[in-house]
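Asker: Sending over a structure as structure tokens; questions will come in a sec.
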Ligand SMILES: [Zn+2]
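Residue numbers (our numbering): 7 to 310.
Right under this line is the structure:
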């Protein structure tokens, strides 16, 4: 059994207002996908330590969130990011799951781990909640791998349809990390221009609206996977967002379930080649429930 899923029912406690696409039902849909994977183990996530959050987030930001949370009502942090009375419990479990996934594969080489959680994380910056994200789960996990496990080369691969601006901003200039992102452009949040990289450890590649399987696979094969390979990562982290699916309401790519199997398999092959098989993924976007279920299943089978 080489796939461990970290999740927690309390990830559903983060409740944006009715009608918000990043809704608690996403967790159930993703877990329905996981249940169809033949061979996996499922473990309860535990909340992250404040010390680990401080690897990626400023103390003032964490204090401000905690103070807001104490007020007991749901409030808007920006146009689409909300904080409710129990949102920080869910967020602490989401970031905790990503770090526990890292711990798992470090302890058990040859395994993969998948944090099936919400809220997502890749838009959250060091001192700013953004784009449905409160804590940057994957950036915290990358910095945890470096600080706790002494990793020297960590690759963070982000195939969510949106650019992982928060992850890029937090990891930019960190020579122990390389950040790779494919995303639709133009699209929210408007960052991730390949011609103007934030730092030398950042590799962005974009797809126009309407792009499908061939364009997505060619982009990774020609521009991103060769750079991951050249880096010879000791650990591969994946921001696994499934909102590039053709059914997704928030973007206009035309990806299919099998494209998520494909990218999972490609990244797993690189992990086996360079990283003793160590790969972890953390759930980011994906807002059509049926597409999310099927994409999580396909990707999970790809990395299994
Ligand atoms: Zn997204």
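Glycine residues also receive a C-beta, built at the ideal position from the N, C-alpha and C atoms.
Alpha carbon to alpha carbon, how far is residue 302 from residue 10?
Answerer: 14 Å
Asker: Is residue 184 near residue 199, with beta carbons less than 7 Å apart?
Answerer: With respect to residue 199, residue 184 sits apart: the two C-beta atoms are not nearer than 7 Å.
Asker: State the beta-bridge partners of residue 163 as determined by DSSP.
Answerer: 186 and 244
Asker: For a quick check, are the C-beta atoms of residue 82 and residue 88 less than 7 Å apart?
Answerer: yes
Asker: Please work out which residues of its chain come closer than 7 Å, Cβ to Cβ, to residue 180, disregarding the five sequence neighbours upstream and downstream, and give them in chain order.
Answerer: 207
Asker: Distance check for residue 272 and residue 144, CA to CA, integer angstroms please.
Answerer: Approximately 19 Å between the Cα atoms of the pair.
Asker: Can you list the alpha helix (DSSP H) stretches of 4 or more residues lying completely in the region 7 to 59, in chain order?
Answerer: If only uninterrupted alpha helix (DSSP H) runs of at least 4 residues are considered, those enclosed by the region 7 to 59 are 31 to 41 and 56 to 59.
Asker: Can you tell me whether residue 288 is helix, strand or coil according to DSSP?
Answerer: strand
Asker: Is the beta carbon of residue 168 within less than 6 Å of some heavy atom of ligand 1?
Answerer: The beta carbon of residue 168 sits closer than 6 Å to at least one heavy atom of ligand 1.
Asker: Between which residues of its own chain and residue 229 is the CB-CB distance below 7 Å, once the five residues before and five after are set aside?
Answerer: 211
Asker: Can you list, in chain order, the residues of its chain whose CB lies under 6 Å from that of residue 35, leaving out five sequence neighbours each side?
Answerer: Apart from sequence neighbours up to five positions away, the residues of its chain that approach residue 35 with a beta-carbon distance below 6 Å are 295, 298 and 299, ordered along the chain.
Asker: Taking the CB atoms as reference points, tell me whether residue 287 and residue 246 lie closer together than 7 Å.
Answerer: yes
Asker: Within the 7 Å Cβ cut-off, does residue 279 reach chain D?
Answerer: Within the model displayed, chain D is absent; a lone protein chain is all it includes.
Asker: How would you write the range of the beta strand (DSSP E) that residue 119 sits in, first residue to last?
Answerer: 118 to 121
Asker: Kindly list the residues whose CB is nearer than 6 Å to the CB of residue 133, restricted to its own chain and excluding five residues on each side of it in sequence; keep chain order.
Answerer: Contacts found: 64 and 67.
Asker: With DSSP as the reference, label residue 210 as helix, strand or coil.
Answerer: strand
Asker: In chain order, which continuous runs of the beta strand (DSSP E) of length 3 or greater are located wholly inside the region 58 to 98?
Answerer: Taking only runs of at least 3 residues, no beta strand (DSSP E) segment lies wholly in the region 58 to 98.
Asker: May I ask you to verify whether the region 110 to 123 touches the region 158 to 165, counting CB pairs closer than 8 Å and requiring at least 3?
Answerer: no
Asker: Tell me, to the nearest whole angstrom, how far the beta carbon of residue 310 is from that of residue 43; I am working on the premise that it is less than 8 Å.
Answerer: 6 Å
Asker: Can you have a look at residue 22 and say buried or exposed, based on whether 16 or more other CB atoms are within 10 angstroms of its CB?
Answerer: buried
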